[in-house]
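Have a look at the structure below, then the notes.
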Amino acid sequence: MEDEAKIGKTVEECMKASRNKQNVLAVKADLSDLNEIKRLVEETAKKWNRIDVLINCASMNETGGNIMAENPCAPYVIESKG
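Residue numbers 3 to 84, in our numbering, belong to the letters of the sequence shown in order.
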């Protein structure tokens, strides 16, 4: 539930900064999971057919593989559409 509250607050802040409130889309996804990344791209494409700005706030408290799987790889997979 805490994640949803944080997402909601971020959406509110983005909407305040945007001239067009329809230009804000929040998608909660596990960026270490390729299927979740594809779902993120599909949901975005369904609304706009492109990604102009991506705010990637992914992180984990673990060291090693999980952090390395998310941080450098997820933006590339999103940009290349999988």
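Every residue, glycine too, gets a C-beta built ideally from N, C-alpha and C.
Distance between beta carbons of residue j and residue i, contact taken as under 8 Å
| i | j | result |
| --- | --- | --- |
| Met-33 | Lys-49 | In the sequence as presented, Met is not what sits at residue 33; that position holds Leu. With a Cβ gap of about 19 Å, Leu-33 and Lys-49 do not count as contacting. |
Cβ-based burial, residue i [other Cβ within 10 Å; buried from 16]
| i | result |
| --- | --- |
| Leu-42 | buried |
| Ile-39 | buried |
Residue i: first and last residue of the uninterrupted alpha helix (DSSP H) it sits in
| i | result |
| --- | --- |
| Arg-41 | 36-50 |
| Asp-5 | 4-19 |
Proximity of residue i and residue j at Cβ, strictly below 8 Å
| i | j | result |
| --- | --- | --- |
| Ile-53 | Thr-46 | yes |
| Lys-23 | Met-17 | yes |
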